[in-house]
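Read the structure below first, then the notes.
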Amino acid sequence: MKPFRPLFLLTAFLLVVGLACGVSGGGEVTPAQPVEPQAPVQQSDPPTDVPPPPVDEPAGATYFTEEFDQDPGWDFFLTAGDEDKITVEFDNSLMIFDLQDISIYAYYLYEAQEYDNVRVDIRADNRGKNNNNVSLICRASTQGWYEFSTEGGGLWYLYAVTFNDENKPVYKRLDKGGAQSLKIGKEVNEYGMICEDREITLIVNGKELKTYEDRDRHFDEGYVGFNISSLNVTPIIVEVDWFQVSAP
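Residue 1337 is where the sequence shown starts when you use my numbering, and the numbers rise one by one after that.
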C-alpha cells in the first residue's frame, strides 16, 4: 500500500474551497466584452426627382397619379393658336410641350370620369422662355370650366371659361393675385387646385394662395385636366412630370 501523502490532501482541500467560492459568487466578476462602436450611418442626399404624393382611393372614386410613361390618350385640343406650331412628346416619363408660336393655348383633359368635388395637382419644369402659363382645370364640360392659371412671372388668375354663340371660349376673370411661392425662371414648380362646393382653393408649391367663393356657381361637375400656353415670346418648352387627381 502506498503511503498517504499530506500534500495531496492539502491540494485537494484548496481545490474544493476554490470551487465553492466560485459557485457562491465571491471574488471578482469577469467584465463583459466591450461593445464595438458602430460606424456612423451615411446620410444620403434627398432625391432630386421628387415623387408625387400618395393618393388615397376611396371606394367608387377614380383617383390616380398619371406619370406619363406613355401617352395616356386623353383629349388634346387648342382653344387658340396654330396646331402646326406645337409638338407634344412623351419621353423619359415626361409629357413635353414645345410651343414655337405665341398665343397657343393647349389643353389636355381626362374624360373617363366627371368629378364635382376634387383636387388636381401638377408638377411642371420650365425649360424655355419664362413668359408662359401653366393652368389647372376642373368641372370641364360643354358649358365650360374653372381654370387656375399661373404665369411664369408670378401672377395668377382664376377664370370661369364659357363659350359664346360662335362656340369660342370666353375667359371671365374671377380673381387674380401674385404667387410669391412660385420659383421663377427655369425651375420646377408644383401647382394645386381644390374645387369643393362653391369654393376654389389655389395652391403653388404647397402654399395656399387664396380660396375663392363662386356665388354664381358657374359649374357643378365635369372633367379635369391642365393647360400649357405661350404668351408673347417663344420658344415655350414645359416638361410635365406628373398630374394627380385626388379627394379634396
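Note that the Cβ used here is the ideal one computed from N, Cα and C, for glycine as well.
Relative to the ligand COA, is the shortest distance from any of its heavy atoms to the C-beta of VAL1470 smaller than 8 Å?
-> The ligand COA is not part of the structure shown, which contains no ligands of any sort.
What first and last residue would you give for the beta strand (DSSP E) that runs through GLY1513?
-> Run containing GLY1513: 1505-1514, per the beta strand (DSSP E) assignment.
Hey, out of ASN1453, ILE1458, ASP1533, THR1478, whose CA is closest to VAL1576's CA?
-> It is ILE1458.
Would you call ARG1551 buried or exposed, if buried means 16 or more other Cβ atoms sit within 10 Å of its Cβ?
-> Per the 10 Å Cβ criterion, exposed.
Could you pull out every residue in the same chain whose Cβ sits closer than 6 Å to the Cβ of HIS1554, ignoring the five residues on either side in sequence?
-> So the qualifying residues of the chain are ALA1496.
Going by Cα to Cα distance, which pick from ILE1539, VAL1560, VAL1470 is closest to TYR1399?
-> Between TYR1399 and the set ILE1539, VAL1560, VAL1470, the nearest pair of CA atoms involves VAL1560.
In chain order, what residues of the same chain lie with their CB nearer than 8 Å to the CB of LEU1414, ignoring the 5 residues before and after it?
-> Around LEU1414, the same chain offers ILE1422, ILE1440, TYR1441, ALA1442, TYR1443 as residues with beta carbons nearer than 8 Å, after the five sequence neighbours per side are excluded.
On a CA-only basis, which of SER1471, ALA1476, ILE1572, SER1485 is nearest GLY1521? Give me that one, please.
-> For the residues SER1471, ALA1476, ILE1572, SER1485, the minimum Cα distance to GLY1521 belongs to ILE1572.
Alpha carbon to alpha carbon, how far is ASN1469 from PHE1562? Give it in angstroms, no decimals.
-> Whole-angstrom Cα-Cα distance: 10 Å.
For PRO1505, which residues from the same chain have a beta carbon less than 7 Å from its beta carbon, with the 5 sequence-adjacent residues on both sides left out?
-> Result list for PRO1505: THR1415, VAL1497, PHE1499, in chain order.
Is the beta carbon of MET1529 sitting closer than 9 Å to the one on PHE1484?
-> With respect to the 9 Å criterion, MET1529 and PHE1484 are classified as neighbours on the basis of their beta carbons.
Going by the beta-carbon positions, is the gap between TYR1493 and ASP1511 smaller than 9 Å?
-> In contact: TYR1493 and ASP1511 (Cβ atoms closer than 9 Å).
So ASN1469 is in the beta strand (DSSP E); what residue range does that whole segment cover?
-> ASN1469 -> beta strand (DSSP E) spans 1468-1477.
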